[in-house]
Amino acid sequence: MCGIVGYVGSGSSLEVLVGGLKRLEYRGYDSAGIAVLSPEGDLGARKRAGKLGVLVEELAENPLPDGGTGIGHTRWATHGGPTDVNAHPHFGDGGRLALIHNGIIENFAELKAELVAAGESFESETDTEVAALLVGRAFHDTGDLTEAMRRTVERLDGAFTLLAVHRSAPGVVVGARRSSPLVIGLGEGENFLGSDVAAFVEHTRRAMEIGEDQIVTIRPDSVEVIDFSGAPAAAKEFEVAWDASAAEKGGWPSFMKKEIAEEPDAVANTLRGRTHDGAVALPELDGVAEALSGINRVLVLGCGTAAYAGMVGKYAIEAWARIPVDVELSHEFRYRDPVLDEHTLVVSVSQSGETMDTLMAVRYAREQGARTLSICNTQGATIPRESDAVLYTHAGPEVAVASTKAFVAQVTALYLLGLHLATLRGTLDADAVAAQLTELEAVPTKIQRVVEASSARIAELAHWMSDTQSVLFLGRHVGFPVALEGALKLKELAYIHAEGFAAGELKHGPIALIEPGQIVFVVVPSPRDPSSLHKKVVSNIQEIRARGARVIAIAELGDVAVVPFADEVIRIPLAAPFFEPLLSVVPLHVFGMELATAKGLDVDQPRNLAKSVTVE
Ligand code: F6R
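In the UniProt record's numbering, the protein residues as written are 1 to 616.
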């Protein structure tokens, strides 16, 4: 939610800021703005409601003098609608200071009342303006931007990242963070700040994490980090694992199309270096080895697609490691007084590593004594930094707002964890682990085949269905979370009412929704599976077909039993049951994207959403 970028150096701050905002636009896209200090030390700013393109046009019409210091913001509105006035930056110290913000200042109403009583007037409806006025007043008193920021953050409740520039502090950008993301980019004679490394990766891959409750001051040749009490703080440097081209569209019509095409690589890269001679090798879990051997329960936390990946993982981890696994939405978990202790392994799943609901849940779990493991796709993010251990997915940057390749990478990481736990607990022997890994290693090629074989037909189906008002998705066992994921993609991308159900639940109510012409996607388990699930799902198909449903089945190659009852069959290659979700989810991702495209919608930036949900 909200993207933030800051720059000091001898380059063009406008270019750096606009370039950074382009890469951060996935975080919020209802308004954008920048503020720069001119070489003469004047402070100039432009801000406009609408997508970044509107600001870029404004800058073309009303250029700003381009100095080497500036800040930029792309907004996802919380307090105050998406208008020019509410767009960031906001101003303090009589317009001499500009400030941008990501997060929510919870005590803004009382601070606002205090500032109004002190004679300040407000232009916007935002909580941010309070911080701008406070930093401005503190700068007026101290003449020091870092100290002004420090005095301000001491007074703020809530979650925030703030960046500020002041016309009397040339060549300086000051940032502060509490429970909201901010990373430093280290250049030669220039330095950067960003909500994530995408903001500056085209200029440098050297980055630094900033801890909770810390303030950073960047100048062209220095970076200083202190905590909120003013004491110096250490910051950890890391190298960004991908380069700028990975976050480019690279000729694809959309990031989503590119990212679906990258699903095979997302699995392969998450596996890379983590298997050795038929065994799982996860050295990143060495630090928690003792804790892992003492756990008696796993609790997976996440939101949206990440939670569905957790649900898929549950089936496999329980089957392989014979340990109870619960999956819970982070925001529900946090507020129900859950029972936890040091024998619970809390596994958070988050692409961004910044989702506030999941971060708060992880913090709560730690306070209760649980061990925490983060499955995350973003280096230097807050959740992995605050967890006992991290298993990074290596899906590469995911720019489209709706998650696709992150899902398959998350499932892969959970499977590696499941096999690791099974090995530790002795519930699978070495041959069984090796057999599962062989299956897992075959997945990337199979996903590739699904994308190649099904995309064209799915695009035709999507075109044909572009007037559809409602679509249902059914699945069982590991196919159930796949059905939920298919429905979520359709809701968020194509704005179509969609529901995912466990197929067994159908007769307990949802079957009443079936009327002639209702489209139902059914994720069909393999007929080779020794359980009777295939037969049961085929019976479910017959039941809805008898009531007029149009059935699109996602079924294994060679499954002929489903053919007489389905209007359309999308084929996936043969795989052992636990690996089917990694294949059956792909056509559903393609379908969501194609239906949105057929409706003329922006598949990368669906309405009302932001990729990184950093407010509760
Ligand atoms: C759906 C989607 C969201 C995210 C959810 C969690 O396509 O992208 O449901 O999965 O907001 O985000 P992360 O994984 O960043 O915690």
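Ideal Cβ positions, reconstructed from N, Cα and C, are used throughout, including at glycine. Source: prediction; values computed, not measured.
Does residue i pass the burial test, meaning 16 or more other C-beta atoms within 10 Å, or should it be called exposed?
| i | result |
| --- | --- |
| S179 | buried |
| E57 | exposed |
| H276 | exposed |
| L557 | exposed |
| V339 | exposed |
| N296 | exposed |
| residue 637 | In the structure displayed, the chain extends from 1 to 616; residue 637 sits before or after that span and is not available. |
| K314 | buried |
| T438 | exposed |
| Q542 | exposed |
| Q469 | exposed |
| E386 | buried |
| P181 | buried |
| A45 | buried |
| V73 | Sequence check: residue 73 is His here, not Val. That one is buried. |
| N608 | exposed |
| V8 | buried |
| A234 | exposed |
| G68 | buried |
Look up residue i in the DSSP assignment and say whether it is helix, strand or coil.
| i | result |
| --- | --- |
| V523 | strand |
| A498 | strand |
| I323 | coil |
| A309 | helix |
| D286 | helix |
| I210 | coil |
| Y29 | coil |
| Y7 | strand |
| Y392 | strand |
| F473 | strand |
| K257 | helix |
| K314 | helix |
| E15 | helix |
| H203 | coil |
| residue 623 | What is shown of the chain runs 1 to 616, which leaves residue 623 out entirely. |
| G558 | coil |
| D227 | strand |
| R274 | coil |
| F79 | Contrary to the premise, residue 79 reads as His rather than Phe in this sequence. Here H79 sits in coil by DSSP. |
| H589 | helix |
| A610 | coil |
| G548 | coil |
| P232 | strand |
| T74 | strand |
With residue i and residue j assumed to form a contact (beta carbons below 8 Å), what rounded beta-carbon distance in angstroms separates them?
| i | j | result |
| --- | --- | --- |
| L416 | V586 | Not really, about 20 Å apart at Cβ, beyond 8 Å. |
| L24 | A98 | At roughly 18 Å, the Cβ-Cβ gap does not stay under 8 Å, so L24 and A98 are not in contact. |
| P283 | I447 | Between I447 and P283 the Cβ distance is about 27 Å, and since that is not below 8 Å, they are no contact. |
| T161 | H101 | 7 Å |
| K51 | Y29 | 5 Å |
| T305 | L488 | 6 Å |
| M208 | V183 | 7 Å |
| G354 | T614 | Note that residue 354 is Glu in the sequence shown here, rather than Gly. Contact holds; Cβ gap of about 5 Å. |
| V288 | A307 | In fact, because the Cβ distance is near 23 Å, the residues do not count as touching under 8 Å. |
| G185 | G171 | Wrong, their Cβ atoms sit about 16 Å apart, outside the cutoff. |
| A598 | A462 | 5 Å |
| R476 | I514 | About 17 Å; that fails the 8 Å criterion. |
| Q518 | L472 | 7 Å |
| I552 | I570 | 7 Å |
| A118 | T270 | Not confirmed; about 54 Å, so no contact. |
Mind checking if residue i is an interface residue toward chain D, Cβ cutoff 8 Å exclusive?
| i | result |
| --- | --- |
| T275 | Absent from the structure is chain D; it holds one protein chain and no more. |
With a threshold of 7 Å (Cβ to nearest heavy atom), would residue i be considered close to ligand 2?
| i | result |
| --- | --- |
| V613 | Although ligand 2 was asked about, the structure shown includes only ligand 1 as ligands. |
Just list the beta strand (DSSP E) runs in the region 81–122, keeping only unbroken ones of 3 residues or longer that don't cross its boundaries, in chain order. Runs found: 90–92 and 97–105.
I'd like to know if the region 323–332 and the region 455–468 are in contact, where contact means that at least 3 CB-CB pairs between them fall below 8 Å. no
Contained alpha helix (DSSP H) runs [length at least 4] in the region 150–190, N- to C-terminal order: Not a single unbroken stretch of the alpha helix (DSSP H) spanning 4 or more residues falls wholly within the region 150–190.
Just checking, does the region 408–423 make contact with the region 24–35 on the three C-beta pairs under 8 Å criterion? no
On the three-pair Cβ rule with 8 Å, is the region 499–508 touching the region 477–486? A contact is defined here as three or more CB-CB pairs under 8 Å, and the region 499–508 meets this definition with respect to the region 477–486.
If we count Cβ pairs, one from each stretch, closer than 8 Å, do we get three or more for the region 598–605 versus the region 249–256? yes
Check whether the region 142–152 and the region 203–214 touch, using three or more Cβ-Cβ pairs below 8 Å as the test. no
Quick one: any contact between the region 122–136 and the region 78–89, if contact means 3 or more CB pairs under 8 Å? yes
With three or more beta-carbon pairs closer than 8 Å as the criterion, would you say the region 216–232 touches the region 376–387? no
For the pair the region 299–307 and the region 346–366, tell me if three or more CB-CB distances fall below 8 Å. Touching, yes, given that three or more Cβ pairs across the two stretches are closer than 8 Å.
Counting beta carbon pairs with one atom in the region 523–536 and one in the region 552–569, are three or more of them shorter than 8 Å? The region 552–569 and the region 523–536 touch, with no fewer than 3 CB-CB distances between them shorter than 8 Å.
What alpha helix (DSSP H) runs, 4 residues minimum, are completely inside the region 426–494? 430–464 and 479–494
Flag this pair as touching only if the region 576–595 and the region 152–160 have three or more C-beta atom pairs under 8 Å; answer yes or no. Contact check between the region 576–595 and the region 152–160: fewer than three CB pairs, one atom from each, fall below 8 Å, which does not count as touching.
Just to confirm the assignment: which complete alpha helix (DSSP H) runs, minimum length 4, are found wholly within the region 322–391? 330–333, 356–367 and 382–385
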